[in-house]
Every structure is written in structure tokens, then in C-alpha cells.
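*Asks:*
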Amino acid sequence: MKFFLFTSVFLLFLFPVYSNDSLRVSGVNPFQPLEPGEVKIGGYMGKKIAVCIANSIKTMDVLMLVAPFKTRTETRYWQSEFWGKWFTAACDAYRYTNDPLILAKLKQAVDGLVATQTKDGYIGNYKEEAHLKEWDIWGRKYCLLGLLSYYEISKDKKVLGSAKMLADHLIKEIGNRNISKFGNFRGMAASSVLEPMVLLYNYTKDPGYLKFAEAIVADWEQADGAKLISKSINGIHVAERFPKPKNWFSPENGQKAYEMMSCYEGLIELYKVTKKEEYKAAVENAVKDITDTEIMITGSGSSLECWYGGKDKQCIPAKNMMETCVTATWVKLCNRMLQLTGKPEYADEIEKAFYNALLGSMTPDGKSWSKYSELNGHRHLGEMQCGMPLNCCIASGPRGMMVIPKIAIMMDKYGPVVNLFGNIKAKLKLENLDVSITQESLFPKSDEVAIYVDPSKKAVFNLKIRIPAWSDQTSITVNGDTLNNVKSGSYAEIKRKWSKGDKVVIKLDLKGRIRTDENKRHFAIQYGPLVLAVDQRLNAGQNYQYYEPVTDKSQQIKCRLVESTDPDIYFLAKLSFRVAGKPTELNLTDYASSGNTWNPDSGYMVWFPYLLDLREK
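Count along the sequence shown starting at 1, add 1076, and that's the number in our numbering.
Structural data, given as C-alpha cells:
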């Protein structure tokens, strides 16, 4: 990423105006990630990222991932996605850590994959007569994403050449046929190859890849296509775009959540090249609809891997809720929207998903991931797939986790952007100015965040700080001076001349909040971004039925934080309730810690039922 300097005069400052020229950064998107390795995360957030890298990414058996590409005997399953999913997460892990052991593993994996490429360009695990069927194109997509991710790191032209051969072979095989006719879920699985095709165009400027990408989007709108643009622009809910399929996991199902979002990820990349506003509008509408109708209190959605209007139904136990593939892809999609628009609501969604659904799906040691997560129930691992010792969600989880270092602190064209809070350090380059940002905080246990801004010399630039939507009353001081007009659900912008050692202190509104469901028959409790849950192992003798929360006039409940003796329980608090008019106290944990013995003896519950009172209106 290159940065450029130009002169700009600010007309309005929240702090005293200085005559010095301000610094500005160029870029395609409003928000841009920092250079690889320039963000380091500690504390609770950093620990979780570290165990994911150590035990989900670095321990992967590369030879096992490559093996299906050598035999090419498949006609039905999706083994070929595992290589690409793991590989792209490992590339992100290398960018974050600069760990030579990860780089060596990446080289072993890419060399092993490229060695399986046939003379005509095919990389996959399907028999020749089964090409283009079932999950074949889907698997090729993940191979392309992995190869291009490695090329971005290594600039190895041999790897780029392999990606081109793979893409050219696919384009030739499909020819003039409609890609929506191939694979599953109204062609969404196959046509999600849109993303790497656009990326390949960006690297090569070969117009053939852009032409193929545009053809994919046009095919969506054909008779049997997924209508991902028209139905979104016309405001049709993602769960209601097609009739309920007779065969759930089949080509006729148009509500498959993971594959749909993967297509929209590709559409964002195509919009960035073509600037066709209908592409952007389709993604924005779809993401808003998913937020409004599907995403549950813990930051994920789906049942049986499909959208189903789950936000309003989340108190009803549903089969196979919140697939981890959906959670990770939702985080990735929100990251793209955050970069594209600079709107804080996407960072809010990532924060919510990270602290709850994503961390809740990872075992405490980072070695494995659940396939589905319940709001009331217990943690359990999913079945292994395709005759291999992993499944789609074990492969997907780390991809969502590795988004966090990308968004924690970013850049816009005027300076740093703080999206997440904790113990986070970042280094930024503004042409001839080096800036260090250091956060110190025990967030989300603590409501105070200290940010130290250290430029290499005095200079005027912006610092943006996300004010979470859940923080009703937030205060910010800069070197002791109070910043006015701080609003929740927005970015506070501080425009001033910065000097080494300047200190920003943020006081967030952390408190227990009561959340009710659509029918006001259930309630849940949130503490900042954390969704709280009651865990049976911490509440002996309680049956979790009909607890009335003891709240103040603002419908807030006091959370008395206590230290946990269990290192795998991050947040523990005592809260007051009434049962049959008598006071009692329950121990609640954060959702991600609840049930994390991964045994039925630590069943947990997020949604408490209200006791029906017929006298109430």
C-alpha cells in the first residue's frame, strides 16, 4: 500500500485550529487495512487469535489437504474447499505474525497443490466426467483464492501462472453456458467463483476475466438464477426469495446463507472495478436485510444453513442454528462493507459476532470449532466430512478470526481509524510521518480505554474512534479536554495537531441491559458487546425457569463482576433476580465462555422466558 501527501485546509476543528498542513492518504476504499504486521493485539482478544493461529492454522496437516487433488476420484463432495479455506486463513496469519514457520507451511502447501495441476490447467478432486458438477467449481474457487493470496505475499509469477491456467480452463469448460445451471443452491456455490475472477483481473488486467465475471452476474438474473441483484434491490427478504424447496440441500434452494454471502463478497469486488451502482446497492440492501431479519443477538444466523427470518424466531429452538461457516462469512462480508463504505454499523456487527458467535464456536484451546451453535443448549462438535478429519466449519472458523487484525485499527484518507478496543498497538505510515497508536484497556470487562498517539513529529491529522451503538453515553477526553457531541453508533473525529505522548481517554457505557424478543415473551442480558448466558455448572440447584430480573427504572440490571477460578471462563458476574417474589442471585458468563466444557453437564441459556401475566396488556 502506498501513501501520498498533499496539502489540505480544514475548515472546522473540534479542537483549536492550527495552520499546519494536514496529512491525507490515498486509497480506493474509504477505509483501508494497515500494512501487514503493523497491528499487534494483546489481552483477551489477542489470546484468542493466538490460540487459533497456534492450534487451528499452524498444526494443519498439509499433505492431508493436498491428497484429494492427486487422486481426483470425487463425484459429489467438497474436499477441495478445505485446502483453500485453510490456506487463505494461513496467509492472513502470516501477514499478522510474519512467522517464518507459517510461510514455510504455505510454500509446502502451494507447491503441493500446483504439482497436481493437469496440463490443461485443472486443479480439483473430481473425475473428469464429473467436472462442473456438485461442488467442483466451488472447490476451484477456493484454490484460486489460495493461489492469489499466496501471490500477493510472494509475488511468485509461477503461482500466478498456475491461477491463470486454472481460471482459463474453467472458463473454457463452461463456455457460453449459464453458470447458474451448475452445482448447488441455484448456482450460488458455483458462481461465487466471481470473487477470484475479479481479483485475477486486478492482477493481470486480462479483460477475459472481467468479461467472465460480468457474465456470472448476468446469469444470476436468468430464469433459474438466484436473482441476487433484482430481488435485493426490490427489497425481497433473503429468506423469502424462493419457495421452500422440496429437497433442502439441492439446486432449488435459494436461501443458502453461506453461499449467498460469498456471491455478494464477489459482487463488492466487481463493483470496485466497474463502479456500477446497482452492484453496490444490491449488496447494501442484502446486508441490511440480513442484519434486520436474520442476525441473532450473538451476531450470527441461519438454521439448517439457510436464512429463515431467524432474528424474530431466535427464542424458538431450531435445528442446526448459526452455522460457523455463516458466522465467519458474515464477519468477512461486514469487513468488506466496512472498507467500502466507512460506516460504523459494520464494525458493530463484527464486534458482536467476534465476542459471541465466533468465539463461542471455537474450543477454548483453539483446536477445533463447532458446526452449529445454539442459544439455549450445550456445545458440541460437528461430524467430520468427506472422509477427512475436519469439516467445512473447522476450515471456516479461522478465516473469520483473522479478519480481526485487519479491522482493529485501519486508515481512512485523513488518518487512523480505531474500530476495536483492547490492548492493541499499531504503526502507520503517512508519507514522511510515522505514527504509533497504543491502546491500553481491559475492555470489555473495563469501560475505560486509553489511546496514546505518538507521531514522529508534530502534525495535523484525523483520529477516528468508533462509538459503539450499544454505548448510550460515551465520553472522550484529549489530554484532559472533553470532546463534545459524542454520539453512539458513529465515529468521533478528532482533528488536531498531534504531538508525541498525546493521550485520548474513552469512557464507554458498560452496563447490564435487558433485551426482549419480538413478542416480549423472553429476555436476554447484554453487557457492552457481550451477550450473557446462565451456565448450569455455575448455578447448582437452579432450574432456570421464570426468573424475573431486578432492574432499575431504565430497565438496566446491575452486573457485579467477580473473578473466575476457571481460566476458560472470561467474564463472570452475579446478577439479581426474583423467583416467586423471593430474591435470588445467578452467575452469568459471557456467551462464548458458557458451555465451554463442551459436555452436556454445562448446558447454558441465553433467552429467559417471562412468566405470563394475564393482567398485562
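We put the beta carbon where it would ideally sit given N, CA and C, even for glycine.
Taking C-alpha atoms, which residue in I1344, P1605, N1555, Q1461 lies nearest to L1414?
*Replies:* Nearest of I1344, P1605, N1555, Q1461 to L1414, Cα basis: I1344.
*Asks:* Using the DSSP secondary-structure output, state which residues sit across from V1587 in a beta bridge.
*Replies:* In the sequence as displayed, the identity of residue 1587 is Lys instead of Val. None; K1587 has no bridge partner.
*Asks:* Roughly how many angstroms separate the alpha carbons of S1102 and V1493, rounded to a whole number?
*Replies:* Because S1102 sits at a pLDDT of 47, beneath the cut-off of 50, its placement in the model cannot be relied upon, and the point is left open.
*Asks:* Among the candidates K1234, Q1155, S1670, whose CA atom is the shortest distance from the CA of G1436?
*Replies:* Answer by Cα proximity: S1670.
*Asks:* Can you list the alpha helix (DSSP H) stretches of 4 or more residues lying completely in the stretch 1414-1484, in chain order?
*Replies:* If we require 4 residues or more, the alpha helix (DSSP H) runs fully inside the stretch 1414-1484 come out as 1420-1429, 1468-1477, 1480-1483.
*Asks:* Which class does C1382 belong to by DSSP, given the choice of helix, strand or coil?
*Replies:* Three-state result, C1382: strand.
*Asks:* With a Cβ-Cβ cutoff of 8 Å, do K1203 and R1148 count as a contact?
*Replies:* In this structure, R1148 lies closer than 8 Å to K1203 by Cβ.
*Asks:* Can you give the Cα-Cα distance for V1626 and I1633, rounded to whole angstroms?
*Replies:* Computed Cα separation, rounded: 6 Å.
*Asks:* Span of the alpha helix (DSSP H) holding D1295?
*Replies:* Counting along the chain, the alpha helix (DSSP H) containing D1295 begins and ends at 1283-1296.
*Asks:* Is the Cβ-Cβ distance between N1411 and I1485 less than 8 Å?
*Replies:* No; because the gap between Cβ atoms is not below 8 Å, this pair is not in contact.
*Asks:* Under 8 Å by Cβ, that's how I've got V1529 and I1513 pegged, so tell me the actual separation to the nearest angstrom.
*Replies:* About 6 Å separates the two Cβ atoms, so the contact holds.
*Asks:* Can you check which of these residues, I1312, K1231, L1275, I1590, is closest to K1629 by C-alpha distance?
*Replies:* Taking only the C-alpha atoms, the option nearest K1629 is I1590.
*Asks:* Taking only three categories from DSSP, how would you classify G1491?
*Replies:* Three-state result, G1491: strand.
*Asks:* Can you tell me whether Y1567 is helix, strand or coil according to DSSP?
*Replies:* If DSSP states are grouped into helix, strand and coil, Y1567 belongs with the strands.
*Asks:* Can you tell me whether Q1018 is helix, strand or coil according to DSSP?
*Replies:* The structure shown has nothing for residue 1018, since the chain only spans 1077 to 1693.
*Asks:* So, is G1679 buried or exposed, given that buried needs 16 or more other C-beta atoms within 10 angstroms?
*Replies:* Buried, since its Cβ has 16 or more Cβ neighbours within 10 Å.
*Asks:* Compute the distance between the beta-carbons of D1585 and S1532, then report whether it is under 8 Å.
*Replies:* Not in contact: D1585 and S1532 (Cβ atoms no closer than 8 Å).
*Asks:* Would you say M1264 and M1336 are within 8 Å of each other, going by their C-beta atoms?
*Replies:* Closer than 8 Å, so yes.
*Asks:* Just to confirm, is the Cβ distance from L1614 to D1666 under 8 Å?
*Replies:* Taking 8 Å as the Cβ cut-off, L1614 and D1666 do not qualify as a contacting pair.
*Asks:* So, under 8 Å CB-CB, N1201 and S1156 are touching, yes? Tell me the CB distance rounded to an integer number of Å.
*Replies:* About 5 Å separates the two Cβ atoms, so the contact holds.
*Asks:* Please indicate yes or no: does the CB of L1614 lie closer than 7 Å to some heavy atom of the ligand FMN?
*Replies:* The ligand FMN is not part of the structure shown, which contains no ligands of any sort.
*Asks:* Are F1145 and I1199 close, meaning C-beta to C-beta below 8 Å?
*Replies:* Cβ distance < 8 Å, so F1145 and I1199 count as in contact.
*Asks:* Leaving out five residues on either side along the sequence, give the residues of the same chain with a beta carbon under 6 Å from the beta carbon of A1289.
*Replies:* Taken in chain order, the residues that qualify are L1270, M1273, V1274, L1346.
*Asks:* Whether or not the stretch 1313-1333 and the stretch 1365-1381 are in contact is what I'm after, with contact meaning three or more pairs of Cβ atoms, one per stretch, closer than 8 Å; do they touch?
*Replies:* Counting Cβ pairs under 8 Å, three or more are found: they touch.
*Asks:* Pick from C1468, L1177, Y1340: whose alpha carbon is nearest that of A1357?
*Replies:* Selected option, being the one with the closest Cα: Y1340.
*Asks:* Terminal residues of the continuous alpha helix (DSSP H) containing A1126?
*Replies:* It spans 1119-1128 - the alpha helix (DSSP H) in which A1126 sits, taken as one unbroken run.
*Asks:* Give me the Cβ distance between L1466 and M1487, rounded to the nearest whole Å; I'm assuming they're in contact under 8 Å.
*Replies:* Their Cβ separation, rounded to whole angstroms, is 36 Å, which puts L1466 and M1487 out of contact at 8 Å.
*Asks:* Taking 7 Å as the limit between beta carbons, can you name the residues of its chain near S1238, skipping five residues before and five after?
*Replies:* Closer than 7 Å at Cβ, skipping near neighbours: V1190, Q1193, L1223.
*Asks:* Which same chain residues, not among the five before or five after W1674, have their C-beta less than 6 Å away from its C-beta?
*Replies:* Counting only Cβ-Cβ distances below 6 Å, and skipping sequence neighbours, we find R1455.
*Asks:* Excluding the 5 residues flanking Y1172 on each side, which residues of the same chain have their C-beta closer than 6 Å to its C-beta?
*Replies:* Closer than 6 Å at Cβ, skipping near neighbours: P1481.
*Asks:* What beta strand (DSSP E) runs, 3 residues minimum, are completely inside the stretch 1215-1276?
*Replies:* Runs found: none.
*Asks:* Considering only the beta carbon of each residue, do K1489 and A1526 sit closer than 8 Å?
*Replies:* For K1489 and A1526, no; Cβs fall outside 8 Å.
*Asks:* Taking only three categories from DSSP, how would you classify I1500?
*Replies:* Strand, per DSSP.
*Asks:* Taking just the CA atoms, how far does K1534 sit from L1662?
*Replies:* Taking the straight line from one Cα to the other gives about 52 Å.
*Asks:* Mind checking who N1663 pairs with in its DSSP beta bridge?
*Replies:* Per DSSP, K1650.
*Asks:* On the DSSP bridge assignment, give the partners of W1154 in chain order.
*Replies:* BP columns for W1154 are empty, so no partner.
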